[in-house]
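Each step along the sequence shown adds one to the number in the numbering used here, with nothing skipped, and position 123 is 840. Where is the CB? At the ideal position from N, CA and C, for every residue including glycine. All of these numbers come straight from a predicted model, not from anything done at the bench. What follows is one structure encoded as structure tokens, with my remarks underneath.
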Amino acid sequence: MTKYSRITGTGSYLPPRRVTNADLAAELAAQGVETSDQWIVERTGIRARHFAAPGVTASDLGAQAARHALEAAQVRPQDIDLIIVATSTPDMVFPSAACILQHKLGIVGCPAFDLQAVCSGFIYALAIADSMIKTGAASKALVIGSEVFSRILDFKDRTTCVLFGDGAGAVVLEASDTPGILASDLHADGSHVGILCVPGTVSGGKVLGDPLLKMDGQAVFKLAVGVLEDAARAALDKAGRTAADIDWLIPHQANIRIMQSTAKRLKLPMDKVIVTVDQHGNTSAASIPLALDAAVRSGKIARGETLMLEGVGGGFTWGAVLLDF
Ligand code: UT7
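Here is the structure:
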């Protein structure tokens, strides 16, 4: 039995259209919605986000990110034996974005499925791929987070539409005798469904209910800070490590203030935290693999370093994965 799974390559993809806060504020003003670069930067740390062109789907963005990860890992698409796509904005009701993406990569036969845990989706997907590799069910997995959140934003609601962006990140996770993923910790609490949701559904040929994102930002904020600390500590305990062993914290990129609070609680300086929320906004399940890939490609993160990846989001869901890179 394989002892570990290990990330052997990372990749990401951002759609080319970059929208700064000033661009967005001007677009919103034309519809009578008032916001400003200053408010967005002060409250969230976001300066810009990317929006996909009409018709571009989560599987399109995810396939590009996957190609970059495969190249980095030097793995051929046909050698992949598991595909998990974490997304809340799939191409269709069904089949899964993972099946569509599998076909775009020219892969035939391996299991492929979507995972729905909103902004914790990549953490869930990574933990599940790790388990499948450890049980021998897979040996070379593509784990992807891909989102087109711009499709579910209410551009009349300034409390949410300034926060999110589109993009995709991917890793190749392979069976390995050396670490690897050390521990993971996953949770959900469905009693908080209403604080972050897209309540609509498709029924009888119609969209029933509201198909746009609703969020009680302050409730999400308060819950997020507490659970992110708990999940990190639980993963560290399982691996017999302490927060002092973390070289890089890669949290879900939702709000710089949540990241600062989490780092403070773990007694980590901000220069050990990977921050891309300023350039990407909140890309939900894509934010962690996007941040990971940006930091790997810029040379910040080096092989052998210890990484704490953490997600939190709708559900309510949250979790952490501790790994030696
Ligand atoms: O990915 C998963 C998770 N999502 C999150 O992690 C989001 C967590 N929550 C947050 O990041 C923050 O709660 C927000 C960024 C969403 C909001 O920040 P806040 O400091 O909690 O602001 P607030 O909701 O208390 O709003 C303060 C004021 C309000 O005006 P009044 O009532 O004080 O006059 C809002 O109407 O800011 C106003 N406001 C805005 N003003 C300009 C809200 N959105 C905007 C905006 N531009 N875009």
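Quiz item: Thinking C-alpha only, which one of Q977, P896, T1000 is nearest V1038?
Solution: P896
Quiz item: Can you give, in chain order, each stretch of the beta strand (DSSP E) that sits fully within the stretch 952-986 and has at least 3 residues?
Solution: 965-968
Quiz prompt | 7 angstroms CB neighbourhood of R982 in its chain, flanking five on each side removed | solution = E946
Quiz item: With distances taken between CB atoms, is the gap from L832 to I845 smaller than 8 angstroms?
Solution: yes
Practice problem: Tell me whether F872 counts as near the ligand UT7, meaning its Cβ is closer than 7 angstroms to at least one heavy atom of that ligand. | Solution: no
Exercise. May I have a chain-ordered list of the beta strand (DSSP E) segments no shorter than 3 residues that lie completely inside the stretch 750-827?
Key: 765-767, 799-803
Quiz item: Do the stretch 866-886 and the stretch 1014-1028 make contact, defined as three or more Cβ pairs closer than 8 angstroms?
Solution: no
Self-check item: Start-to-end residues for the beta strand (DSSP E) that takes in I724
Solution: 721-730
Quiz item: To the nearest whole angstrom, what separates the beta carbons of G690 and V889, a pair I think is in contact under 8 angstroms?
Solution: Because the chain in this structure spans residues 718 to 1042, residue 690 falls outside the shown range and cannot be described.
Quiz item: Is F1042 helix, strand or coil when you go by DSSP?
Solution: coil
Quiz item: G853 and F839 look like a contact to me (Cβ under 8 angstroms); what is the Cβ gap, rounded to whole Å?
Solution: No, G853 and F839 are not in contact; Cβ-Cβ is about 23 angstroms, not under 8 angstroms.
Quiz item: Under the criterion of a Cβ to heavy atom distance below 7 angstroms, does Q935 qualify as lining the ligand UT7?
Solution: yes
Exercise. May I ask whether a heavy atom of the ligand UT7 can be found less than 7 angstroms away from the beta carbon of I840?
Key: no
Quiz item: Unbroken beta strand (DSSP E) runs of length 3 or more, entirely within the stretch 893-933: which are they?
Solution: 898-905, 918-920, 923-925
Practice problem: Please state whether DSSP places L945 in a helix, a strand or coil. | Solution: helix
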